[in-house]
Amino acid sequence: MLQKDTEKEAVFSQFKLSGRMKTDETMTKFNEAFLEAGRAVELVFSELKSATDNVASSFQTLPEIQQSSLKMSEAAQASKSKVDELTGMGDS
């Protein structure tokens, strides 16, 4: 019997609290705060997605950068060899 009374009191106090929250606009404040937090999460998600897309794009161009670097190294070596050949300083 005591447990049922305690449960009834708990339910009643929750209804009372809910009624008070409605009358003093606490619920409205909670809702506004919840919506504001939701907007902030959306903004953070948008920024994260943009950053992720940028990183993915950078990694996609990495092989091209490496290939270009290799070609430049090969061209520099060929140029050095040609200069050495023309100046007679080749590895003979």
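Residue numbers (the numbering used here): 3 to 94.
Cβ atoms here follow ideal geometry from the backbone N, Cα and C, with glycine treated the same way.
Near Asp55, which residues of its chain fall below 8 Å by C-beta distance, leaving aside the five closest residues on each side in sequence?
Residue numbering aside, residue 55 sits at position 53 when the sequence shown is read from its first letter. None.
For Gly90, the three-state DSSP class (helix, strand or coil)
Position 88 of the sequence shown, counted from the start, is the residue given in the question as residue 90. Residue state, collapsed to three classes: coil.
Helix, strand or coil for Glu27? Go by DSSP, reduced to three states.
As a first step, residue 27 is located in the sequence shown; it is residue number 25 there, counting from the start. It is coil, neither helix nor strand.
Please report how far the alpha carbon of Lys6 lies from the alpha carbon of Leu19, in whole angstroms.
What you label residue 6 is simply residue 4 of the sequence shown in a count that begins at 1. What you label residue 19 is simply residue 17 of the sequence shown in a count that begins at 1. Whole-angstrom Cα-Cα distance: 20 Å.
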